[in-house]
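The structure appears right after this line, and notes come after that.
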Amino acid sequence: MGGFSPIHLLVLAVVAILLLGGGRFSSLMGDVAKGVKNFKKGMAEEDRPASTRIEAKTAAEPAFDRDGDPLRERAGERSALGDTDRTRDDR
164 MGGFSPIHLL
174 VLAVVAILLL
184 GGGRFSSLMG
194 DVAKGVKNFK
204 KGMAEEDRPA
214 STRIEAKTAA
224 EPAFDRDGDP
234 LRERAGERSA
244 LGDTDRTRDD
254 R
């Protein structure tokens, strides 16, 4: 009780074919088959290893030497001089 027997499923299939028509039903099943094929193809693509190579980044240049002295001027100190091309000795 409450379950579908093979006879019930056969009757439902015949009614569906009669209502939808043979051509529409076959095209619907063809679309389902294409969807399954595309799904399998997509799953197979995920399993392949990526062929792109990740390039390593260059190491950042240090801002200070071992004694703690700056290796280059800070941006604020350069703008305080007024001209970034000249140093204090050039003026």
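Residues are numbered in our numbering as their position in the sequence shown, beginning at 1, plus a constant of 163. Glycine residues also receive a C-beta, built at the ideal position from the N, C-alpha and C atoms.
message: Is the separation between the beta-carbon of Ile180 and that of Phe188 shorter than 7 Å?
response: Going by C-beta atoms, Ile180 is nearer than 7 Å to Phe188.
field: Residues that Pro233 bridges to, as DSSP identifies them
entry: DSSP lists Phe227 as partners of Pro233.
message: Give the list of continuous alpha helix (DSSP H) stretches no shorter than 4 residues that lie fully inside the region 178-223.
response: Taking 4 residues as the minimum length, the alpha helix (DSSP H) runs contained wholly in the region 178-223 are 185-210, in order along the chain.
task: Identify, in the order they occur along the chain, each residue of the same chain with its Cβ nearer than 6 Å to the Cβ of Arg249, setting aside the five sequence neighbours on each side.
output: Caution is warranted here: a pLDDT of 48 is assigned to Arg249, below 50, making its placement in the model unreliable, and the coordinate value is therefore given only provisionally. Cβ within range, chain order: n/a, list empty.
query: Out of curiosity, what's the CA-to-CA distance linking Gly165 and Leu172?
result: In this structure, the CA atom of Gly165 is about 13 Å from the CA atom of Leu172.
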